[in-house]
Every structure is written in structure tokens, then in C-alpha cells.
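Contents: one structure, followed by commentary.
Numbering (our numbering), first residue to last: 229 to 545.
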């Protein structure tokens with residue numbers, strides 16, 4: 229059984245973004261349900277250390293779902309058993325929605341939506357042979373004229389999945405166009421297990437609207453959290469205290485940036501942590517007036533001391 233928490237918000241995994249440090253920061257904002265970056269089943273089975281790193285989590289980063297991807301049932305089971313033995317987590321999430329070509333080319337991710345029988349075999353094998361509840365993330369379908377999300381969702385439920393997450397775009401859409409929430413609503417109407425909806429939610433208001441109109445049990449947000457971890461707090465406070473979103477002060481934004489960089493450096497070392505932070509720095513400041521020069525400086529950031537100098541120059545304007 230998967231417990232969905234009061235905030236009705238799940239973190240959507242993003243490769244190279246929702247890492248150990250960012251999830252730690254989001255927990256401080258009130259995140260109640262985190263999901264790791266995608267973990268390759270074959271990478272784990274072949275002993276790839278970088279792949280295994282994706283399963284690491286801070287002590288505060290729970291409840292946590294580890295997201296596994298692959299299309300070979302035996303590799304998936306071996307990887308799941310490895311995770312169960314070596315890592316602490318609460319849910320095993322299976323990615324059957326990634327549209328990236330190098331993933332799909334191997335028959336993984338959203339390619340599994342073309343082979344419901346194989347997808348069911350993977351899920352049932354994991355449910356029967358591991359102790360963690362299993363959730364499945366997928367899309368509306370492969371293309372607009374071959375949408376099969378309802379049939380696929382029913383198959384996942386029959387195979388033993390405890391929850392599904394549906395992104396309302398097709399694999400062919402990648403991340404373009406708009407998510408079709410009617411597809412998500414049809415899945416919700418067809419299933420008994422919890423259904424989480426994903427796609428184009430950038431605010432508390434939009435999330436509340438989707439929950440109300442489509443009846444989903446929760447929503448998943450990914451890209452909208454880049455540079456805006458404060459959105460997590462909006463959901464947590466609304467559902468636990470009934471309060472509306474707070475305006476984020478410049479002081480809090482800068483303090484959060486410093487903390488984010490600090491966590492990355494603690495995890496990766498100064499050089500790698502700072503390099504990883506650069507993209508986050510650009511996201512944090514994307515809507516700041518006259519930020520072109522500031523963003524250029526952030527894109528070449530070398531260390532935490534330099535970040536202090538850059539942010540202090542903004543305050544001193």
C-alpha cells in the first residue's frame with residue numbers, strides 16, 4: 229500500500245536535476261514524497277558505480293521511491309533485489325514513460341507501452357518477488373493515434389501495481405505541446421488504485437484545479453520546481469494549514485541558492501558541486517529584472533565564495 233500525504237504532491241524525477249542535494253533542499257521546503265533520478269537496471273547489474281549513486285539519499289529524504297528503468301524482466305528483478313538489499317527506500321517506481329530516444333531505442337521507458345504483456349511481466353515479477361510496493365509511471369501513449377493509457381493502466385493494476393503516475397503527453401510529443409489531462413482523467417475513472425497526474429502544473433492554483441476537475445489522488449511536479457523549490461512549500465502549507473502562497477523575498481531566494489550550492493558541494497566536492505549548480509543558478513534568477521549580466525556570471529561560477537560576491541552585488545545595487 230502506498231500512502232499519499234496531505235500535500236498531494238509528488239516530486240517528478242529529472243535526470244541531472246532531482247539529485248541527492250536538490251531532494252534534500254526540497255525536504256526542507258516540506259516535500260513529503262520524493263522520487264530518485266532514473267536508475268538503470270542493467271547499470272546496477274553490471275556494477276556501474278555512478279548508476280548506484282542515484283539510489284543514495286539523505287536521512288531526511290523519506291518516504292522515497294527509487295525509480296528503476298529497463299525492459300528485461302530478469303535484469304529488473306536482479307536490480308530491484310540489489311536495491312532492496314543495499315538501500316533504504318519505501319516504494320519501487322518503474323519508469324515506462326521516458327521518451328528520450330536512447331532509452332526508447334533499447335526498448336525501455338515509453339517503448340514498453342507498445343508491449344503490454346512484457347510490461348505486465350516486469351511488474352508482476354517485481355510485485356511477487358520483492359517487499360516494496362510498486363508504482364508505474366507512463367504516458368498517454370506512443371502517439372496521438374495510438375493512445376492506450378487506459379488499457380495500459382488497467383494492465384498495471386492487474387499485474388499488482390499499487391499506484392500509477394500518468395503524464396498527459398505522448399512519447400512522440402516528448403515535452404512539447406500541452407499535456408492532455410482528459411487522458412489522465414480517463415485513467416482515474418478506470419482504476420481502483422491511486423492515480424497521480426502529471427503535466428504542465430506550475431502553480432498551486434493549477435494543481436488544485438487538476439485535482440478538482442479530474443479527481444486524481446495527487447499530482448506530480450517536475451520542471452516547475454527548477455529554480456522554484458518554494459512551490460513545494462505552497463502545497464504543504466495549503467493542505468496542512470489552509471494558507472495561500474507566500475511571496476518569496478530576494479533574501480530568501482539568495483539564502484536558498486547558497487544552501488543549495490552548499491549541499492551540492494558537500495555531496496560532490498567543490499568543483500563538481502559548483503558545476504552542477506550553474507544550471508540551477510540560472511533557473512533561480514530567470515525572472516529577475518535585468519538578469520542577463522547576472523546570469524552570465526552565474527553560468528561561469530567557480531565556487532561558493534564567488535556566489536556570495538555575485539549575490540551581494542545585487543543587494544548593493
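Virtual Cβ for every residue (Gly too), placed ideally from N, Cα, C.
- DSSP places residue 504 inside the alpha helix (DSSP H), whose first and last residues are 498-512.
- Taking residue 486 as the centre and dropping the five residues before and after it, the same chain places the C-beta of 532, 535, 536 and 539 closer than 8 Å to its C-beta, in chain order.
- In this structure, residue 294 sits away from residue 305, with a CB-CB distance that is not shorter than 8 Å.
- Ranked by Cα distance from residue 331, the options 355, 349, 297 and 316 are led by 297.
- Note: residue 398 is bridge-paired with 369 in the DSSP secondary-structure output.
- A distance below 8 Å separates the beta carbons of residue 463 and residue 237.
- For residue 319, the enclosing beta strand (DSSP E) covers residues 319-324.
- Non-local C-beta neighbours of residue 516 in its own chain, meaning closer than 7 Å and more than five positions away in sequence, comprise 522, ordered along the chain.
- The stretch 265-278 and the stretch 471-481 do not touch, with fewer than three beta-carbon pairs separated by less than 8 Å.
- Residue state for residue 249 is assigned as helix, using DSSP reduced to three classes.
- With distances taken between CA atoms, residue 314 lies nearest to 283 out of 283, 356 and 493.
- Below 8 Å, enough C-beta pairs join the stretch 376-396 and the stretch 343-352 to call them touching: three or more.
- If you look at residue 520, you'll find it in the alpha helix (DSSP H) that goes 520-526.
- Residue pairing by DSSP places residue 425 opposite 394 and 447 in a beta bridge.
- Within the stretch 253-298, the runs of alpha helix (DSSP H) at least 4 residues long that lie entirely inside it are, in chain order, 269-273 and 277-281.
- Taking a contact to require three or more Cβ pairs closer than 8 Å, the stretch 496-513 and the stretch 458-475 do not qualify as touching.
- Closest option to residue 412, judged by alpha-carbon separation, among 401, 433, 439 and 458: 439.
- Per DSSP, the unbroken beta strand (DSSP E) holding residue 239 starts and ends at 237-239.
- For residue 357, the enclosing alpha helix (DSSP H) starts and ends at 344-357.
- For residue 413, the enclosing alpha helix (DSSP H) begins and ends at 409-418.
- Ranked by Cα distance from residue 372, the options 382, 407 and 359 are led by 407.
- Residue 465 carries a helical assignment under DSSP once its states are collapsed to helix, strand and coil.
- Going by beta carbons, residue 392 and residue 364 fall inside the 8 Å limit.
- For residue 331, the enclosing alpha helix (DSSP H) begins and ends at 329-332.
- Taking the Cα positions, residue 375 is about 42 Å away from residue 526.
- Around the beta-carbon of residue 528, fewer than 16 other beta-carbon atoms lie within 10 Å, marking it exposed.
- Cα atoms of residue 414 and residue 333: separation of roughly 29 Å, rounded to the nearest angstrom.
- In this structure residue 423 is in contact with residue 394, their Cβ atoms being roughly 7 Å apart against a cut-off of 8 Å.
- The continuous alpha helix (DSSP H) containing residue 311 extends over residues 301-314.
- According to DSSP, residue pairing for residue 363 in a beta bridge involves 321 and 391.
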